[in-house]
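**Student:** Here it is: the structure, laid out below.
Residue numbers (our numbering): 39 to 648.
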């Protein structure tokens with residue numbers, strides 16, 4: 039009871055000083071964390087108190103814990119850990135740290151939302167332009183944005199708050215837009231909304247405003263990408279120093295220390311085996327945080343089509359018969375799913391490449407059964423075989439989707455040209471099928487056949503989106519469905535969707551082409567490290583052993599083992615870093631990791647003879 043009273047006291051204290059927590063209130067609103075600031079402060083204090091109690095118990099029991107071998111590493115610091123000062127200071131510092139981490143969490147979430155909003159804003163402006171050009175009102179456009187969070191991400195969430203203010207709170211549209219602009223974490227989106235208000239109030243040229251903003255935001259995206267690529271070039275130079283030059287220095291130091299017969303070698307092993315992975319993971323996290331992603335924060339969602347023919351008459355059946363029919367339906371549905379998997383065993387893998395881990399696990403066991411050699415080699419071979427199915431599935435899917443994305447602008451432009459002649463969209467698609475439209479031919483034919491068999495156009499297009507689901511197609515289909523509901527003349531909307539898809543393809547192509555420099559830098563650095571290892575193993579170590587200079591103080595096999603493990607770690611993480619650099623996705627780096635690990639294995643197994 040006392041605890042509840044104290045917690046109420048916290049809320050009362052915070053509410054009585056709203057000006058003190060003004061920044062927190064703004065951050066909570068910007069992060070769209072639907073929680074009152076007084077309740078949030080209360081939660082922060084509770085978490086801090088829990089941390090204090092946990093650390094106090096941990097430090098109090100430290101003399102007992104240090105007796106166990108699992109905590110042997112901490113015995114080095116027993117003087118500090120067993121002192122009375124740490125028993126008091128440790129929990130207090132831990133509690134304060136947790137409290138302030140909780141306080142800045144809304145600001146971090148708001149910052150993440152800002153990045154997501156800015157990435158999608160060019161496409162949202164393009165969508166608004168197409169909707170207004172197609173004859174939709176401003177409120178209808180905002181409602182449609184709010185209905186598609188899987189396409190427009192955080193901007194759809196911002197739009198949903200405008201709809202909430204209008205529908206539930208009775209606020210007029212202009213005030214609702216102003217309210218959202220006041221709390222959005224993105225200054226660019228705030229400017230977009232505030233400048234939109236007088237255009238909407240004026241009632242004219244709204245489509246021209248969106249056209250200007252669309253071009254402006256795509257130009258800004260190009261400039262941002264150029265700046266980002268310059269940052270990547272700098273990071274690649276840091277990579278060369280931190281992950282190639284430093285390990286080379288440590289290897290040389292390791293050999294020197296071995297010759298001097300000192301006991302510092304284990305610390306160098308720790309620096310290589312622990313420092314490299316931790317440093318690489320930190321760099322990957324940094325790259326992931328600063329890298330703009332095309333599909334940031336969006337999820338693929340199937341659109342459910344529920345269309346019922348008016349010709350079907352309702353039939354009254356009993357509950358038992360209804361349950362029997364439903365059970366039969368579910369049973370047949372489950373059987374069909376199993377049969378589909380048996381007929382097309384790789385279909386789930388193509389849709390979600392991570393499912394390929396089902397094939398990876400048996401392959402990863404093979405080296406430990408059939409390859410009777412060093413454990414390090416078995417582990418590396420196991421990783422190579424484990425990565426192979428996932429990499430193949432991911433690359434197949436990505437390359438196919440890229441080809442589809444590249445075909446979409448041309449498809450939309452040709453469809454617009456036919457529609458301009460006065461043909462409705464259905465007839466335009468039928469006419470377009472007589473020409474070659476590449477990978478889209480099969481899917482467009484299915485759309486046309488769907489409509490030929492009596493399906494509604496919007497349902498056929500929605501199923502088309504469900505089957506392919508690339509970002510460019512999702513945006514184009516959503517825009518096209520709404521425009522076709524207003525008018526058969528969809529030429530302008532098709533051209534806008536084509537331009538949006540084309541701009542995105544250009545940004546992706548420019549990033550790949552200009553990013554070749556840092557790709558080459560990382561590969562060259564890794565090759566340099568391999569060459570240094572080759573020189574060490576086949577020249578330096580051979581000379582030392584031949585002269586008898588080491589007198590048993592240095593073990594060549596141990597040095598080779600260290601070099602092999604270091605190269606394996608470096609190859610694994612270098613590839614993942616390249617994936618983040620080149621495409622902003624860690625999965626895109628699997629192919630680079632695979633190449634580097636294969637080269638490492640061949641180099642040490644066939645050339646260095648380890």
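Idealized CB from N, CA, C, for every residue including glycine.
Please report the straight-line C-alpha distance between residue 563 and residue 84, rounded to a whole angstrom.
**Tutor:** 49 Å
**Student:** Beta-carbon separation of residue 606 and residue 635 under 8 Å?
**Tutor:** yes
**Student:** Helix, strand or coil: which one does DSSP assign to residue 40?
**Tutor:** Unreliable placement is indicated for residue 40, whose pLDDT of 43 sits below 50; no coordinate value is reported for it.
**Student:** Would you kindly work out how many angstroms separate the C-alpha atoms of residue 528 and residue 518, rounded to a whole number?
**Tutor:** 7 Å
**Student:** Ignore the nearest five residues each way along the sequence and tell me which others in residue 148's own chain have a CB closer than 6 Å to its CB.
**Tutor:** 65, 68, 69 and 223
**Student:** To which residues of the same chain is residue 346 closer than 7 Å at the C-beta, ignoring the five residues directly before and after it?
**Tutor:** Low local confidence applies: a pLDDT of 41 at residue 346 is under 50, so the model's placement there is unreliable, with the coordinate-based value given in what follows. Cβ within range, chain order: n/a, list empty.
**Student:** Near residue 627, what residues of its chain come up, given a Cβ to Cβ distance below 6 Å and the 5 sequence neighbours on each side ignored?
**Tutor:** Excluding positions up to five away in sequence, the list reads 613, 614, 616 and 617.
**Student:** Should the segment 161 to 177 be regarded as contacting the segment 238 to 254, the criterion being three or more beta carbon pairs within less than 8 Å?
**Tutor:** yes
**Student:** Using only the alpha-carbon positions, how far apart do residue 623 and residue 401 sit?
**Tutor:** 25 Å
**Student:** Starting from the C-beta of residue 158, find all residues in its chain whose C-beta is less than 6 Å away, skip the five residues before and the five after it, and write them out in chain order.
**Tutor:** 190, 191 and 193
**Student:** Using beta-carbon positions only, say whether residue 198 and residue 184 come within less than 8 Å of one another.
**Tutor:** yes
**Student:** Who are the near neighbours of residue 568 in its chain, counting only those whose CB is closer than 6 Å to its CB and skipping five residues on each side?
**Tutor:** 641
**Student:** What's the C-alpha gap between residue 275 and residue 558?
**Tutor:** 11 Å
**Student:** Would you please state the rounded distance, in angstroms, between the beta carbons of residue 391 and residue 428? I believe it to be under 8 Å.
**Tutor:** 6 Å
**Student:** Is the beta carbon of residue 601 sitting closer than 8 Å to the one on residue 575?
**Tutor:** yes
**Student:** Out of 533, 218, 81 and 577, point me to the one whose CA is closest to residue 137's CA.
**Tutor:** 81
**Student:** Let me know if residue 491 comes out buried or exposed under the rule of 16 or more other beta-carbons within 10 Å of its beta-carbon.
**Tutor:** exposed
**Student:** On the three-state DSSP scale, how would you describe residue 383?
**Tutor:** coil
**Student:** Indicate the three-state DSSP secondary structure (helix, strand or coil) for residue 315 in the structure shown.
**Tutor:** helix
**Student:** Are the segment 405 to 420 and the segment 378 to 395 touching by the rule of at least three beta carbon pairs closer than 8 Å?
**Tutor:** no
**Student:** Counting C-beta neighbours from all protein chains within 10 Å, is the total for residue 128 16 or more, i.e. buried, or is it exposed?
**Tutor:** buried
**Student:** Report the three-state DSSP secondary structure of residue 443 (helix, strand or coil).
**Tutor:** Helix.
**Student:** Taking the beta carbon of residue 539 as the centre, do at least 16 other beta carbons fall within 10 Å, making it buried, or is it exposed?
**Tutor:** buried
**Student:** Verify whether the separation of the beta carbon atoms of residue 311 and residue 638 is less than 8 Å.
**Tutor:** no
**Student:** So that I know if they touch, is there some Cβ in chain D lying closer than 8 Å to that of residue 205?
**Tutor:** Reference to chain D is not applicable here, since this structure consists of a single protein chain.
**Student:** Whose C-beta lies closer than 7 Å to the C-beta of residue 545 among residues of the same chain, with five residues either side of it excluded?
**Tutor:** 259, 260 and 263
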